[in-house]
Amino acid sequence: MNELQALDAFASLSQETRLRIVRLLVIAGPDGMPAGAVGNAMGASSSKISFHLSHLERAGLIQSRREARSIIYSAVYPALSGLIEFLMKDCCQGRCDPAADTCTQTCEA
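Structure representation (structure tokens):
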């Protein structure tokens, strides 16, 4: 993930409803959730949820697919992992590997 992609993702997540939607879809797993169920969980109108879902999808953090008459949304796990990786890639000036969970040991030594 490059800096522009990270900025777009963070801008998308900087709104409360969108952050809650992403967390909800992460919990839902790869099967995702229908748009209506997302709206019900957020207590928001369908037009408001549609706006937020579109925003998150443009940022590449969620994806949609059609199943019969429903649109199912799910988290894009590689994009979310890429965002965390972007933040951590130069951890401790490159002396540790946060993906291998060695950062804390190296940084504290």
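Each residue of the sequence shown is one higher than the last, beginning at 34 in this note's numbering. The C-beta atom is built at its ideal place from N, Cα and C for all residues, glycine as well. Values in this document were obtained by computation on a predicted structure and should not be read as measured data.
A distance below 6 Å between beta-carbons, with the five flanking residues on each side excluded, links Leu46 to the following residues of its chain, in chain order: Leu52. The same chain holds no residue with a CB closer than 8 Å to that of Leu37 once the five nearest residues on each side in sequence are set aside. Per DSSP, Gln38 is not a residue of any beta strand (DSSP E); the alpha helix (DSSP H) it occupies stretches across 36-46.
Judged by beta-carbon spacing, Ile105 lies within the 8 Å limit of Gly65, meaning their Cβ atoms are closer than that value. Distance between Arg91 and Arg98, taken at the CA atoms: about 14 Å.
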